[in-house]
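*Asks:* Residue numbers (my numbering), protein chains in the order written: chain V, 25 to 336; chain C, 3 to 299. Here's a structure for you.
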Amino acid sequence: MTLDPAFVPDPTIEVVTVSKWFGQKVAVSGLSCSFGPGVTGLLGPNGAGKTTLLRMISGLTSVSNGKITVLGKNPRTDTGLFSSMALVPDEDAVYGDITGRQFVRYSAALSNVEERDKPEEVLSIVAMGDAADRSIGGYSKGMRQRIKVAAAIVTDPDVLILDEPLNGTDPIQRAHLIALFEGFGEEGRTVIVSSHVLEEVERVSKRVIAIVDGRLAAAGSVEAIRASMHDIPYVVRISTDAPRKLGAALFASSAAVSITSTNDGISVSTKDITTLGKDTPRIASDIGARITGFRPQDQSLESVFRYLVEGR
Amino acid sequence: MTTDRGAVYDLGYEPYHGERRGRKGARLTIWADGNRRVLGLRRKARRKVMPWLLIAIALLPAIVSVGIAFIVPAGVSNEFNLADANASFFQLGGTIVMLFTALAAPELLIPDRRYGVLSMLSSRPLTSSDYLAARFASNITVVGGFLLIPQILLFIGQAGTDPDGLVQGIINSAPTIPRILAVTAIYITAFVPLGFMISSLVQRKSIAASVFLAVIIGLTAFAEAIVRNSVLPGGRWMALLAPINTADAANNWVFGSINNDSLLAAADIHPALGIAALVVIGSAAVMVSVWQYRRLM
Numbered sequence: 025m026t027l028d029p030a031f032v033p034d035p036t037i038e039v040v041t042v043s044k045w046f047g048q049k050v051a052v053s054g055l056s057c058s059f060g061p062g063v064t065g066l067l068g069p070n071g072a073g074k075t076t077l078l079r080m081i082s083g084l085t086s087v088s089n090g091k092i093t094v095l096g097k098n099p100r101t102d103t104g105l106f107s108s109m110a111l112v113p114d115e116d117a118v119y120g121d122i123t124g125r126q127f128v129r130y131s132a133a134l135s136n137v138e139e140r141d142k143p144e145e146v147l148s149i150v151a152m153g154d155a156a157d158r159s160i161g162g163y164s165k166g167m168r169q170r171i172k173v174a175a176a177i178v179t180d181p182d183v184l185i186l187d188e189p190l191n192g193t194d195p196i197q198r199a200h201l202i203a204l205f206e207g208f209g210e211e212g213r214t215v216i217v218s219s220h221v222l223e224e225v226e227r228v229s230k231r232v233i234a235i236v237d238g239r240l241a242a243a244g245s246v247e248a249i250r251a252s253m254h255d256i257p258y259v260v261r262i263s264t265d266a267p268r269k270l271g272a273a274l275f276a277s278s279a280a281v282s283i284t285s286t287n288d289g290i291s292v293s294t295k296d297i298t299t300l301g302k303d304t305p306r307i308a309s310d311i312g313a314r315i316t317g318f319r320p321q322d323q324s325l326e327s328v329f330r331y332l333v334e335g336r
Numbered sequence: 003m004t005t006d007r008g009a010v011y012d013l014g015y016e017p018y019h020g021e022r023r024g025r026k027g028a029r030l031t032i033w034a035d036g037n038r039r040v041l042g043l044r045r046k047a048r049r050k051v052m053p054w055l056l057i058a059i060a061l062l063p064a065i066v067s068v069g070i071a072f073i074v075p076a077g078v079s080n081e082f083n084l085a086d087a088n089a090s091f092f093q094l095g096g097t098i099v100m101l102f103t104a105l106a107a108p109e110l111l112i113p114d115r116r117y118g119v120l121s122m123l124s125s126r127p128l129t130s131s132d133y134l135a136a137r138f139a140s141n142i143t144v145v146g147g148f149l150l151i152p153q154i155l156l157f158i159g160q161a162g163t164d165p166d167g168l169v170q171g172i173i174n175s176a177p178t179i180p181r182i183l184a185v186t187a188i189y190i191t192a193f194v195p196l197g198f199m200i201s202s203l204v205q206r207k208s209i210a211a212s213v214f215l216a217v218i219i220g221l222t223a224f225a226e227a228i229v230r231n232s233v234l235p236g237g238r239w240m241a242l243l244a245p246i247n248t249a250d251a252a253n254n255w256v257f258g259s260i261n262n263d264s265l266l267a268a269a270d271i272h273p274a275l276g277i278a279a280l281v282v283i284g285s286a287a288v289m290v291s292v293w294q295y296r297r298l299m
């Protein structure tokens, strides 16, 4: 029997037909999935219900219907569970008037981590050691994100929930944090990383749960989900010195569905962006055209996942 | 050659193998953080100014009185007699403690909401009741300390200036200890729950402090006007709504002195009933705070 990609064989977090509504607004609707050891990306456009789902998993918000268990316990009622669990919320949940070091120490004390060196260790891991004695109020967005991550991992959690943890971080910080999350996953911890940026999720996790409008839109490996998106037409803007020649040549290839030409380039609509990406340089070389740009115009996750949902 | 994506780097993270204390430890952390926050400890210098200024104002009369009592020989002047000074020191401290509560209660509750830290606190091993109880305990600790420290100085002065010597002085002054604790509890009941409730509902520290002072002073003025002028039938019971007057009257009663000018005396209400009213009002205020935080956390 094949397991539905939305579920894992040994789940630590189980979400069973969970719904959540706020008055007339339905934030999450009949969602079922599970999470296990390793990193899982929670993907969806802004307003998809990711934060609501993570807040329910963290016990911060009650479910309107359905059931959530974390390590076999109800996160809403079993306070002891939070000794093994940590959350990095999306909002700026840091005091502005204390230093980063004080905040991480406070966080460690709240989870009863008594080892004195632990806060120093995690500050160093998130590369905040040098700024640790500065007031958090003066931190950049990326530094705040890292101090929040440090405050979460200082508790040595078995379950780590990160809501948009990479927002505001620069590429180096991002790579650093991604490596950290991967390391946690490799150690057998359950790590959920939410994001609305496809590239980020792809880098962080091999398994993805995608939700749109509060419903499960896709689940499984990133490759499998990508494969299921082949029907979505992408529009790619190609800048070239010979738009008409290149347009005509590309139209002959099977990758292009339609082509619009302008003075400095062409817009190609394609259902197979990978093939188009491979074919374009070769074709351009064959006809002697020079390519100065190749930019997908409509790769926003929102449009991709809206298509997935509406296409059903 | 192809390689697997996403190499895992050893960044030096080590699992924690130490002991964990559960909810008790988390409550203790919130309590200790509250004490530090109110007193401005481990904060910038400007955050220390107000609390320590108020503490200095509360302590100064006790230091001066006790100092003079040690210098001026016993029996030279009754003005420096410390034996009956407890009630008057509480009365002075009570007024300042009102200001201190206006400072402390908002500082304990509002930053956690303003900075959005409640979500972080909620994902730790503690319930909303644990959080509130720990913050309330901080408030009681700092306000109680604020009231008790001048009294401790006074006690030392009373024992130290006792003509029978220090040891006998301690024995002679010991009966005041339960009274001191009782009056401390009365002033705490009069101010802390109300300050706590207002701080749980208002979003800015300065506004919460202003509302608290306005409520306390407004209630007192309202009760004074109603009771003293007998404008309403049964209006004398409004005297129970004036926390400052009630606490002061109860203070005098506990220390055995009668103040016939007090609002409770004017309303012909026994101070014990005043204490009961403070407990009822204080309990209601705590219930409102609990209800509010059940919604928030």
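Beta carbons: idealized from backbone N, C-alpha and C, even for Gly.
Helix or strand or just coil, what does DSSP make of C/Y117?
*Replies:* Three-state DSSP puts C/Y117 in coil, outside helix and strand.
*Asks:* Taking the C-alpha atoms as reference points, what is the distance between C/I158 and C/A274?
*Replies:* Spanning the two alpha carbons is a distance of roughly 29 Å.
*Asks:* List, in order along the chain, the chain C residues whose C-beta lies closer than 8 Å to that of V/D121?
*Replies:* By Cβ distance, chain C contributes R45, K46, R49, P113.
*Asks:* Tell me which residues of the region 243-262 of chain C have at least one Cβ-Cβ distance to chain V shorter than 8 Å, keeping chain order.
*Replies:* From the region 243-262 of chain C, no residue has a Cβ closer than 8 Å to chain V.
*Asks:* Tell me, please, which residues DSSP counts as bridged to V/G289.
*Replies:* Answer by DSSP bridge pairing, in chain order: V/S263, V/T286.
*Asks:* Indicate the three-state DSSP secondary structure (helix, strand or coil) for C/T129 in the structure shown.
*Replies:* Coil at C/T129, not helix or strand.
*Asks:* Under the rule that 16 or more other beta-carbon atoms within 10 Å means buried, what is V/P143, buried or exposed?
*Replies:* It counts as buried.
*Asks:* Would you mind sorting V/I202 into buried or exposed? The rule is 16 or more other CB atoms within 10 Å of its CB.
*Replies:* V/I202 is buried by the Cβ-count criterion.
*Asks:* Name the one or two DSSP bridge partners that V/G317 has.
*Replies:* DSSP, once it has assigned bridges, lists V/S263 as partnering V/G317.
*Asks:* Would V/T316 and V/S277 be called neighbours here (beta carbons separated by less than 8 Å)?
*Replies:* Taking 8 Å as the Cβ cut-off, V/T316 and V/S277 do not qualify as a contacting pair.
*Asks:* Is the closest heavy atom of the ligand NAP to the C-beta of C/R39 under 7 Å?
*Replies:* For the structure depicted, the ligand NAP is absent and the ligand set is empty, with no information on it obtainable.
*Asks:* How many angstroms separate the CA atom of C/A223 from the CA atom of C/I209?
*Replies:* Approximately 20 Å between the Cα atoms of the pair.
*Asks:* Between the region 281-288 of chain C and the region 255-265 of chain C, can you find at least three pairs of beta-carbon atoms closer than 8 Å?
*Replies:* Because the criterion of three Cβ pairs below 8 Å is not met, the region 255-265 of chain C and the region 281-288 of chain C do not touch.
*Asks:* Report yes if the CB atom of V/A248 is closer than 8 Å to the CB atom of V/A241, and no otherwise.
*Replies:* Not in contact: V/A248 and V/A241 (Cβ atoms no closer than 8 Å).
*Asks:* Going by DSSP, which residues form a beta bridge with V/E38?
*Replies:* V/E38 is bridged to V/S58, V/T93.
*Asks:* Under three-state DSSP, which class holds V/S219?
*Replies:* Strand, per DSSP.
*Asks:* Going by beta-carbon coordinates alone, are V/S56 and V/A72 separated by less than 8 Å?
*Replies:* Not a contact, by the Cβ cut-off of 8 Å.
*Asks:* Return the residues of the region 121-137 of chain V that lie within a Cβ-Cβ distance of less than 8 Å from chain C, sorted by chain order.
*Replies:* From the region 121-137 of chain V, only D121, I122, Q126, Y130, S131, A133, L134, S135, N136, V137 have a Cβ closer than 8 Å to chain C.
*Asks:* Under 8 Å Cβ to Cβ from C/A287, same chain only, skipping five residues before and after it: list those, please.
*Replies:* Taken in chain order, the residues that qualify are P195, L196, F198, M199.
*Asks:* Rounding to the nearest angstrom, what Cα-Cα distance links V/R129 and V/L27 in this structure?
*Replies:* The straight-line gap from Cα to Cα measures roughly 42 Å.
*Asks:* Compute the Euclidean distance between the alpha carbons of V/G207 and V/V87, then round it to the nearest angstrom.
*Replies:* Their Cα atoms are separated by approximately 31 Å.
*Asks:* Checking contacts by CB at 8 Å: is V/F59 closer than that to chain C?
*Replies:* No - not a single Cβ of chain C is within 8 Å of the one on V/F59.
*Asks:* According to DSSP, what are the bridge partners of V/W45?
*Replies:* Partner(s): V/V50.
*Asks:* Spatial neighbours of C/G24 within its chain, please: CB distance less than 8 Å, with the 5 preceding and 5 following residues excluded, ordered by chain position.
*Replies:* P127, listed in sequence order.
*Asks:* Span of the beta strand (DSSP E) holding V/S245?
*Replies:* 239-245 is the span of the beta strand (DSSP E), which, as asked, contains V/S245.
*Asks:* Do the region 106-119 of chain V and the region 58-69 of chain V meet, that is, are 3 or more Cβ pairs less than 8 Å apart?
*Replies:* Output reads no: the region 58-69 of chain V does not touch the region 106-119 of chain V.
*Asks:* Are the C-beta atoms of C/M240 and some chain V residue less than 8 Å apart?
*Replies:* False, the Cβ-Cβ gap to chain V never drops below 8 Å.
*Asks:* Taking 8 Å as the threshold (C-beta atoms), are C/L41 and C/P53 in contact?
*Replies:* For C/P53 and C/L41, yes; Cβs fall inside 8 Å.
*Asks:* Just verifying my parser: in three-state terms, what is the DSSP assignment at V/A155?
*Replies:* The answer is coil: DSSP assigns V/A155 none of H, G, I, E or B.
*Asks:* Exposed or buried, V/E38, counting other C-beta atoms within 10 Å across all chains shown (16 or more means buried)?
*Replies:* Classification for V/E38: buried.
*Asks:* Quick one: using the 10 Å Cβ neighbour count with 16 as the cut-off for buried, is V/V32 buried or exposed?
*Replies:* The residue in question, V/V32, is buried, as its Cβ has 16 or more Cβ neighbours within 10 Å.
*Asks:* By the criterion of Cβ-Cβ separation under 8 Å, what are the contact partners of V/M109 in chain C?
*Replies:* Within 8 Å Cβ-Cβ: S125.
*Asks:* Considering only residues of the same chain and omitting the five flanking positions on each side of C/V185, which have a CB-CB separation below 6 Å?
*Replies:* Closer than 6 Å at Cβ, skipping near neighbours: F92, N253, V256.
*Asks:* List the residues of chain C whose Cβ lies closer than 7 Å to the Cβ of V/T103, in chain order.
*Replies:* The contacting residues are R25, P127, L128, T129.
*Asks:* Which residues mark the beginning and the end of the alpha helix (DSSP H) in which V/A340 is found?
*Replies:* No statement about residue 340 of chain V is possible, as the shown extent of chain V runs from 25 to 336 and does not include it.
*Asks:* Which residues in chain C sit within 8 Å of V/E115, going by Cβ to Cβ distance?
*Replies:* Correct list: G118, S121.
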